[in-house]
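Undergrad: My structure is below; once you've seen it, I'll send some questions.
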Amino acid sequence: MCEPKFYQLTNDLLFHIVMQKSEVALKGLVASLLSKKVEEITSVEVLNPIDYSQRISGKRIILDVNARVNKDTLVNIEVQVRRFEAWHLRSLFYAARMAAQSHPGKTYAELPIIRQFSILDYTFEEEDSAFFSEYELQNQKTGKTYTDRFRIAIMDLTQRNLATPDDIASGRLIWADLFKAKSWEELDQLAKKDTLAREVVDIMRTAMKDDGISFAINEREIAEMDALTREKSAERCGLERGLEQGWQQGLARGLEEGIEKGMEKGMEKGTARSREAIRSNMIRAGFTEEQIALALGE
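Counting in the numbering used here, the sequence shown runs from 332 upward without gaps.
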């Protein structure tokens, strides 16, 4: 029997489907990101389930996973494979929005714990690289935590070689391998070594055997490729326009400078010829060299 078409787990729609269909996988990922044991996750609920039978290929559709964990924690998990220059601000916006919309009508003391997780397949910090980084509000002078209820974390899949013992113990490295696997063969090898990986791989394979899901994922991928093509085309057009404008401006400046230099040289030559003519006339009139030099300002 033929294997279903392969898509990496970094495909945002496939990722959302796996998390939505498997509570085991969702619990495993959440526990890993929160640095908890799976048994510490007593409850988990996807708050933004999707109907993948509907058309969801629009490039502006955001397929992050929102979940409530243990009834007191709100988690947002987003996978991003293309560089997003303002990702710091985007992740901050999502975390702040979760906090603002979490418990309308409740007291501040009842606000849930907020955890924003970004799983990126590009280097997030060139100068301060790390596999897994967490950020929270602190006193700038003393380093004292302002509150531990609001935290943003980054998992950089390109920095798996920097995984710490804590990353390995929490299972984050296994998840990175699942996200980075590029074939069913690679996934099957991971599934043989880890029961959670086996659950994820089974859900991925089952999902891809569903014609409706497979079509939706393929359509989503085409939309992403089209969006990337449009962006690249816009960048290329912008570059071409910039080069053309620069060439025209450079040509104009060159002509202007050429004309100015030509005029300067012409005036210099004209002045020189005039002085020679005056000198010749004064010599014929019988003036001395001292008188000529004085007249010409030499």
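Where is the CB? At the ideal position from N, CA and C, for every residue including glycine. None of the values given here were measured: they were computed from a predicted structure.
Going by C-alpha to C-alpha distance, which of 361, 474 and 379 sits closest to residue 373?
TA: For the purposes of this step, residue 373 is identified with residue 42 of the sequence shown, where counting begins at 1. Minimum Cα distance to residue 373 is reached at 361.
Undergrad: Assuming residue 676 contacts residue 493 (C-beta within less than 8 Å), just tell me the rounded distance between them.
TA: Residue 676 lies beyond the residue range present for the chain, which begins at 332 and ends at 629; the question has no answer from this structure.
Undergrad: Enumerate, from N- to C-terminal direction, the unbroken beta strand (DSSP E) stretches of 3 or more residues contained entirely within the stretch 425–472.
TA: Runs of the beta strand (DSSP E) spanning 3 or more residues and lying entirely within the stretch 425–472 occur at 444–451 and 463–469, in chain order.
Undergrad: Could you give the DSSP three-state label for residue 553: helix, strand or coil?
TA: Taking the first residue of the sequence shown as position 1, residue 553 is located at position 222. Helix at residue 553.
Undergrad: Measure the alpha-carbon distance for residue 391 versus residue 338 and round it to whole angstroms.
TA: The count along the sequence shown starts at 1 and reaches residue 391 at position 60. The count along the sequence shown starts at 1 and reaches residue 338 at position 7. Summary for residue 391: the model assigns pLDDT 46, below 50, so the residue's position carries little reliability; its value from the coordinates is reported in the next sentence. The alpha-carbon atoms of residue 391 and residue 338 are separated by roughly 20 Å.
Undergrad: Please classify residue 411: does DSSP put it in a helix, a strand, or coil?
TA: Working through the sequence shown from its first residue, we reach residue 411 at position 80. Residue 411 sits in a strand when the DSSP states are folded into three classes.
Undergrad: Where does residue 344 fall in DSSP's three states?
TA: Stepping through the sequence shown from its first residue, residue 344 is reached at position 13. The answer is helix: DSSP assigns residue 344 an H, G or I state.
Undergrad: By the three-class DSSP mapping on this structure, what secondary structure does residue 365 have?
TA: On the sequence shown, residue 365 is found 34 positions in, with the first residue counted as 1. Coil, per DSSP.
Undergrad: For residue 448 versus residue 487, is the C-beta distance shorter than 9 Å?
TA: Locating residue 448 in the sequence shown gives position 117, where the first residue counts as 1. Locating residue 487 in the sequence shown gives position 156, where the first residue counts as 1. Going by C-beta atoms, residue 448 is not nearer than 9 Å to residue 487.
Undergrad: Which term fits residue 346, buried or exposed, when burial requires 16 or more other beta carbons within 10 angstroms of its beta carbon?
TA: The residue given as residue 346 occupies position 15 in the sequence shown. Classification of residue 346: buried, given that the 10 Å Cβ count is 16 or more.
Undergrad: Using the Cα positions of residue 401 and residue 375, report the straight-line distance between them to the nearest angstrom.
TA: Here the question's residue 401 lines up with position 70 in the sequence shown. Here the question's residue 375 lines up with position 44 in the sequence shown. So the two alpha carbons sit approximately 6 Å from each other.
Undergrad: Classify residue 389 as buried or exposed, calling it buried when 16 or more other Cβ atoms lie within 10 Å of its own Cβ.
TA: Indexing the sequence shown from 1 puts residue 389 at position 58. Unreliable positioning characterises residue 389 in this predicted model, as indicated by a pLDDT of 48, which lies under 50. The coordinate reading is nonetheless provided below. The residue in question, residue 389, is exposed, as its Cβ has fewer than 16 Cβ neighbours within 10 Å.
Undergrad: Count the C-beta pairs between the stretch 406–415 and the stretch 437–455 that are closer than 8 Å, then say yes if the count reaches three, no if not.
TA: yes
Undergrad: Mapping the DSSP letters down to three states, classify residue 522 as helix, strand or coil.
TA: As a first step, residue 522 is located in the sequence shown; it is residue number 191 there, counting from the start. Residue state, collapsed to three classes: helix.
Undergrad: Could you give the DSSP three-state label for residue 483: helix, strand or coil?
TA: The sequence position of residue 483 within the sequence shown is 152, counting from 1. Residue state, collapsed to three classes: strand.
Undergrad: According to the neighbour-count rule (16 or more other Cβ atoms, all chains shown, within 10 Å of its Cβ), is residue 379 buried or exposed?
TA: Within the sequence shown, the letter at position 48 stands for residue 379. By the neighbour-count rule (16 or more Cβ atoms within 10 Å), residue 379 is not buried but exposed.
Undergrad: How many angstroms separate the CA atom of residue 333 from the CA atom of residue 538?
TA: The residue you call residue 333 lines up with position 2 of the sequence shown. The residue you call residue 538 lines up with position 207 of the sequence shown. Whole-angstrom Cα-Cα distance: 15 Å.
Undergrad: Less than 9 Å separating the beta-carbons of residue 285 and residue 512?
TA: Because the chain in this structure spans residues 332 to 629, residue 285 falls outside the shown range and cannot be described.
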